[in-house]
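Single-structure report; data block below.
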Amino acid sequence: MTFNNAVAMTPKLIADHGLKADEYAKIVSLIGREPNLTELGIFSAMWNEHCSYKSSKKWLRTLPTSGPRVIQGPGENAGVVDIGDGQAVVFKMESHNHPSFIEPYQGAATGMGGILRDVFTMGARPIAAMNALRFGDPAHEKTRHLVSGVVAGIGGYANSFGVPTVGGEVDFDARYNGNILVNAFAAGLAEADKIFYSTARGVGLPVVYLGAKTGRDGVGGATMASAEFGDDIDEKRPTVQVGDPFTEKRLLEACLELMATGAVIAIQDMGAAGLTCSAVEMGAKGDLGIRLDLDQVPVREAEMTPYEMMLSESQERMLMVLHPEKEAEARAVFEKWELDFATVGTTTDDLRFRVFWRGAEVANLPIKDLGDEAPEYDRPWTKPTLPDALAETDIPQMDVADALLALLGSSALSSRRWVYEQYDTLIQGNSVQRPGGDAGVVRIEGHATKALAFTSDVTPRYCEADPYEGGKQAVAECWRNLTATGADPIAATDNLNFGNPERPEIMGQLVEAVRGIGDACRALEFPIVSGNVSLYNETNGRGILPTPTIGGVGLIPDWSRMARVGFAAEDECILLFGAPDWWGTHLGQSIYLKELFGRRDGRAPGVDLAHEKRVGDLVRALIREGIATAVHDLSDGGLAVGLAEMALASGIGAVVNQLDGGDPIPLFFGEDQGRYLVTMTRAAMEEFYEARYAEAGVFAPWIGVTGGTSLTLGEARPLALNALRSAHEGWFPAYMAGEVA
Amino acid sequence: MKAAIVVFPGLNRERDMIAAVTKISGTAPFVVWHQDTSLPDVDLIVIPGGFSYGDYLRAGAIAARSPLMQLIRERAESGVKVLGVCNGFQILTEAGLLPGVLMRNASLRFVCREVKLEVVNASTDFTRGYAEGQIIRCPVAHHDGNYFADADTLKALEDNDQVAFRYAEGTNPNGSLHDIAGVFNRTKTVLGLMPHPENLIEAAHGGTDGRALFSALLAA
Chain S
1 MTFNNAVAMT PKLIADHGLK ADEYAKIVSL IGREPNLTEL GIFSAMWNEH
51 CSYKSSKKWL RTLPTSGPRV IQGPGENAGV VDIGDGQAVV FKMESHNHPS
101 FIEPYQGAAT GMGGILRDVF TMGARPIAAM NALRFGDPAH EKTRHLVSGV
151 VAGIGGYANS FGVPTVGGEV DFDARYNGNI LVNAFAAGLA EADKIFYSTA
201 RGVGLPVVYL GAKTGRDGVG GATMASAEFG DDIDEKRPTV QVGDPFTEKR
251 LLEACLELMA TGAVIAIQDM GAAGLTCSAV EMGAKGDLGI RLDLDQVPVR
301 EAEMTPYEMM LSESQERMLM VLHPEKEAEA RAVFEKWELD FATVGTTTDD
351 LRFRVFWRGA EVANLPIKDL GDEAPEYDRP WTKPTLPDAL AETDIPQMDV
401 ADALLALLGS SALSSRRWVY EQYDTLIQGN SVQRPGGDAG VVRIEGHATK
451 ALAFTSDVTP RYCEADPYEG GKQAVAECWR NLTATGADPI AATDNLNFGN
501 PERPEIMGQL VEAVRGIGDA CRALEFPIVS GNVSLYNETN GRGILPTPTI
551 GGVGLIPDWS RMARVGFAAE DECILLFGAP DWWGTHLGQS IYLKELFGRR
601 DGRAPGVDLA HEKRVGDLVR ALIREGIATA VHDLSDGGLA VGLAEMALAS
651 GIGAVVNQLD GGDPIPLFFG EDQGRYLVTM TRAAMEEFYE ARYAEAGVFA
701 PWIGVTGGTS LTLGEARPLA LNALRSAHEG WFPAYMAGEV A
Chain E
1 MKAAIVVFPG LNRERDMIAA VTKISGTAPF VVWHQDTSLP DVDLIVIPGG
51 FSYGDYLRAG AIAARSPLMQ LIRERAESGV KVLGVCNGFQ ILTEAGLLPG
101 VLMRNASLRF VCREVKLEVV NASTDFTRGY AEGQIIRCPV AHHDGNYFAD
151 ADTLKALEDN DQVAFRYAEG TNPNGSLHDI AGVFNRTKTV LGLMPHPENL
201 IEAAHGGTDG RALFSALLAA
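Chains S and E are the protein sequences, given in the same order. Numbering-wise (our numbering), the first sequence opens with residue 1 and increments by one. Numbering-wise (our numbering), the second sequence opens with residue 1 and increments by one.
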């Protein structure tokens with residue numbers, strides 16, 4: 001094979017590597033010469049948006065990332081948070097948007113695989129997964145195929161790997177027609193004093209390659225993920241990796257077994273930009289150089305060039321620095337699991353990243369500069385213009401019962417059962433709340449009462465109308481969903497999905513959303529401990545809705561005292577915690593306007609963070625004291641949809657008619673924030689109003705009573721639960737069968 | 001009664017099964033790795049669920065041809081009880097220890113949900129904790145659970161009371177013929193079933209309907 005490493009650096013070659021002219025000039029000045037082809041590839045891998053966060057770093061630094069429970073914030077493979085009893089939860093959310101659009105099954109599968117690897121790389125056994133999915137208009141020709149492939153891909157990987165999928169989101173909007181979003185979350189459990197990090201320590205130690213062999217799949221994937229799509233998209237299919245959950249499962253077991261031997265000094269999974277990124281990161285963090293001998297790398301295909309080996313994104317691979325005296329023991333573990341184990345390099349003290357292939361040096365670069373000197377931009381941005389508020393008289397009318405039926409049977413609010421039944425939601429035997437509620441809850445194995453709650457949230461149409469309030473709302477809704485189970489929200493991960501940051505209005509969305517996220521996280525004491533940024537989600541110049549997905553984790557001291565969404569019994573009182581005087585008022589940017597009238601106008605609802613905290617803390621206390629018998633937060637679709645979901649989850653109806661006069665539309669469909677539906681027995685309610693209410697500082701009117709087999713909203717005709725159920729359960733299967741658009 | 005749980009690479013419900021056996025019998029089972037060359041002296045061998053060898057060739061096909069399966073076959077022939085759940089059931093049919101095959105679900109999709117099971121034959125060591133005709137709840141989680149056998153085999157199964165469990169009340173999740181969820185061998189010493197009774201044994205699971213299977217087996 002001939003491999004010409006000394007090709008001429010043409011502007012086209014540089015541009016094909018996603019590098020701008022000034023970025024290339026910086027490379028030349030850093031290394032004092034023109035790079036060779038392998039070196040150009042290495043720089044392109046390290047300096048693309050996906051790996052370097054060059055457009056977002058300035059703003060990400062403003063997020064609160066510490067707190068009394070935080071053991072490790074952003075900057076490692078995943079965040080680590082103390083949950084007491086010597087244990088920690090390790091979690092992160094990451095996007096696999098571009099690959100999933102190009103090849104939905106493998107794109108989504110490897111997204112799941114990547115995030116699971118991030119978690120077990122740190123020494124944690126994965127105990128829960130979620131996924132937040134955004135697809136285009138259901139009527140768009142590609143949507144059904146993408147839904148089908150992405151869901152099967154996530155299930156195919158997570159089910160086989162053996163982690164329960166306990167929550168997530170599925171959403172549709174025409175703005176995702178050309179750029180779907182696949183955000184995958186994983187959480188694992190580790191001993192708090194046995195967390196593994198990527199910082200290499202010690203000179204002359206073996207750098208060991210573990211796991212699957214290196215192939216040509218995914219070469220240049222991180223660069224592809226940092227570009228907009230054009231019409232040549234089908235040509236990018238070969239840059240999508242192929243997942244092998246069977247190998248990943250063995251890699252998990254082998255890594256955990258190996259870590260228990262004490263052999264591991266540093267470990268880094270090979271994700272985006274594979275061998276390059278993992279080796280540079282381990283060395284640079286530890287102030288060490290790394291020398292790699294590519295002839296030792298296990299390869300799937302003969303005649304791979306060093307360029308391909310350095311940029312391959314083959315999955316299920318790890319790089320470790322090991323104690324040399326334990327190398328034999330480590331090798332035995334990997335042989336037991338029939339995985340590759342190869343010493344491919346050593347740590348050095350020269351701070352160089354040197355790569356050898358067939359006796360020749362094919363790259364020799366300053367290792368610190370590859371990461372630390374990556375370009376960082378303060379991109380110009382413009383403050384978003386907010387839409388006008390809805391005029392008070394501008395409330396399109398519809399029969400309340402008809403509207404509820406239509407909403408429950410819409411693409412936006414219908415049951416996601418078709419999706420989550422394709423995920424193994426109960427493997428490991430610890431899922432105490434499965435998808436369909438406010439949050440997934442997983443008990444801690446080996447502990448009598450403790451559990452963790454997981455949810456992921458964002459309302460992109462609010463973020464589009466007002467990125468700042470939308471950013472706040474994403475955090476607040478996540479916090480609220482955790483609270484609604486009785487959990488203490490302890491920390492979050494953010495997955496920021498936006499369009500092209502080189503456009504000032506898109507950059508403005510990012511800046512404002514991050515400001516909103518930061519303000520909400522500070523007010524709610526809910527630090528961001530890990531995250532991921534996905535930019536350039538654009539096709540032919542049109543960006544997605546700004547979508548900063550927030551994945552949250554909460555701690556439940558006693559799961560036998562948690563709350564669920566379904567009404568607990570007949571004849572219980574329904575209270576609306578956090579209600580404004582007229583129970584619901586805000587219709588701007590609501591699902592009611594969007595789904596029933598095709599309108600996307602008005603202001604996004606604002607979030608009063610002090611109120612949010614006050615209401616949430618009260619609801620959580622009532623759950624833990626056993627006073628609240630069922631709890632559901634209110635979000636899309638407002639009070640009507642919240643009540644219907646509680647009724648459908650239990651098979652118990654309700655009558656909610658204790659407010660007369662006035663317009664029922666904002667009352668039942670307004671999306672005012674900071675509200676929960678809470679049920680309690682009549683005796684408990686009387687006790688609550690008498691003893692607690694005066695000092696609560698929260699408006700929590702009694703609005704109705706549970707019972708019967710239908711739902712009655714104000715003056716509207718009663719709706720049989722059967723009718724609600726067939727609307728709610730009907731849309732998704734019918735859509736996927738091609739029976740509705 | 002002593003139990004062993006067999007682990008092939010890619011199985012992933014062995015921890016659920018170990019937990020169920022331990023919680024119900026009070027004794028942790030032996031765990032046998034697929035490369036082990038002998039089996040401990042036990043009364044019950046369990047092959048749990050998962051994706052042995054990734055299910056890459058055909059669910060259960062590779063594990064069924066492993067050397068350890070030869071040892072399990074010998075034990076089964078000597079009357080040791082063998083239970084296969086989900087992938088374990090697929091492995092047992094692939095190994096010829098149970099009749100029939102498990103094809104891809106009729107929906108062609110993985111399915112994880114709760115179903116109802118009718119206990120068809122309650123007079124075996126596996127099922128005597130239930131009453132004949134009893135309807136129990138049980139979760140399923142599989143991609144290839146669509147039980148198929150030719151007409152003669154089905155007739156023989158029915159005539160010889162080899163159907164252990166049937167999906168009931170219209171909850172057949174996968175298209176299985178005769179709604180078959182679990183079958184015995186002729187001598188009722190080997191049972192394979194697709195549903196996961198090990199995931200419904202305690203309050204945290206939302207029910208305990210799966211418990212009687214293990215308590216009957218492990219009590220002896």
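The C-beta atom is built at its ideal place from N, Cα and C for all residues, glycine as well. Since we're looking at a predicted model, the values are computed, not measured.
Review point. I think M103 of chain E touches F165 of chain E, with their Cβ atoms under 8 angstroms apart; what is that distance to the nearest whole Å?
Key: That pair is no contact at about 18 angstroms.
Check your understanding: The beta strand (DSSP E) spanning L189 of chain S covers which residue range?
Key -> L181 to E191
Practice item. Compute the distance between the beta-carbons of P546 of chain S and G606 of chain S, then report whether it is under 9 angstroms. Key: no
Exercise for review: Measure the C-alpha to C-alpha separation of E281 of chain S and R61 of chain S and round it to an integer number of angstroms.
Suggested key: 19 angstroms
Review point. In its own chain, which residues sit with a C-beta less than 6 angstroms from the C-beta of D118 of chain S, not counting the 5 before and 5 after it?
Key: N77, A78 and K92
Practice item. Count the other C-beta atoms from every protein chain shown that fall within 10 angstroms of the C-beta of T549 of chain S, then say buried if there are 16 or more, exposed otherwise. Key: buried
Practice item. Flag this pair as yes or no: are the beta carbons of F3 of chain S and P306 of chain S separated by less than 9 angstroms? Key: yes
Point to revise | Partner residues on chain S for V111 of chain E, Cβ-Cβ distance less than 8 angstroms | key: E421 and Q422
Point to revise | G345 of chain S - DSSP class collapsed to helix/strand/coil | key: strand
**Study point:** Range covered by the alpha helix (DSSP H) that runs through S52 of chain E
**Key:** Neither: S52 of chain E is in no alpha helix (DSSP H) and is coded neither H nor E.
Point to revise | Proximity winner among S:L711, S:E325 and S:E301, relative to L648 of chain S (alpha-carbon distances) | key: S:L711
**Study point:** Residues of the stretch 156-179 of chain S whose Cβ lies closer than 8 angstroms to any Cβ of chain E, in chain order
**Key:** G156, N159, S160, F161 and G162
**Study point:** Reference L256 of chain S; option with closest CA among S:P11, S:A212 and S:F120
**Key:** S:F120
Review point. DSSP three-state call for P380 of chain S: helix, strand or coil?
Key: coil
Exercise for review: Kindly indicate which three-state DSSP category I652 of chain S falls into: helix, strand or coil?
Suggested key: coil
**Study point:** F51 of chain E: contacting residues in chain S (beta-carbon distance under 9 angstroms)
**Key:** N159, S160, F161, G162, P245, F246 and K249
Review point. Which residues, in chain order, does the stretch 99-120 of chain S contribute to contact with chain E at a C-beta distance below 8 angstroms?
Key: none
Practice item. Take D754 of chain S and list the residues in its own chain whose beta-carbon comes closer than 6 angstroms to its own, dropping the five residues that flank it on each side. Key: The structure shown does not extend to residue 754 of chain S, since chain S is modelled only from 1 to 741, so the question has no answer here.
Exercise for review: May I have the straight-line CA-CA distance separating G824 of chain S from R379 of chain S, to the nearest angstrom?
Suggested key: Lying before the first or after the last residue shown, residue 824 of chain S is absent from chain S, which here runs from 1 to 741.
**Study point:** Q268 of chain S (DSSP reduced to helix, strand or coil)
**Key:** strand
Check your understanding: Does DSSP put V42 of chain E in a helix, a strand or coil?
Key -> coil
Check your understanding: Between S:W337, S:V163 and S:S56, which lies nearest to G531 of chain S when the distance is taken from Cα to Cα?
Key -> S:S56
Exercise for review: Assess, as a yes-or-no matter, whether the stretch 437-455 of chain S is touched by the stretch 606-615 of chain S under the definition of 3 or more beta carbon pairs within less than 8 angstroms.
Suggested key: no
Check your understanding: Quick one: Cα of S221 of chain E to Cα of S650 of chain S, how far?
Key -> It is not possible to answer for residue 221 of chain E, since the shown part of chain E is limited to 1 through 220.
Exercise for review: Please decide whether V432 of chain S counts as near chain E, where near means a Cβ-Cβ distance under 9 angstroms.
Suggested key: yes
Point to revise | Nearest candidate by alpha-carbon position, reference V80 of chain S, set S:K54, S:W59 and S:G123 | key: S:G123
Review point. If you draw a straight line from the alpha carbon of G107 of chain S to that of L413 of chain S, how long is it in whole angstroms?
Key: 26 angstroms
Practice item. Could you say which of E:L117, E:T37, E:L44 and E:V183 lies nearest to M17 of chain E if we only look at CA atoms? Key: E:L44
Practice item. Return yes when the Cβ of V101 of chain E is within less than 9 angstroms of the Cβ of I47 of chain E, no when it is not. Key: no
Point to revise | Nearest candidate by alpha-carbon position, reference K116 of chain E, set E:F8, E:Q90 and E:G207 | key: E:G207
Check your understanding: In whole angstroms, what is the alpha-carbon distance linking S590 of chain S and R461 of chain S?
Key -> 9 angstroms
Check your understanding: Going along chain S, which residues have a C-beta under 7 angstroms from G10 of chain E?
Key -> F246 and K249
Check your understanding: Using a beta-carbon distance below 9 angstroms, is R416 of chain S in contact with chain E?
Key -> no
Check your understanding: Taking the alpha helix (DSSP H) that Y147 of chain E falls in, what are its first and last residues?
Key -> Element bounds for Y147 of chain E: not the alpha helix (DSSP H) but the beta strand (DSSP E), N146 to F148.
Check your understanding: Could one say the Cβ of W559 of chain S lies closer than 9 angstroms to chain E's Cβ atoms, at least one of them?
Key -> yes
Practice item. List the endpoints of the continuous beta strand (DSSP E) containing V553 of chain S. Key: T547 to I556
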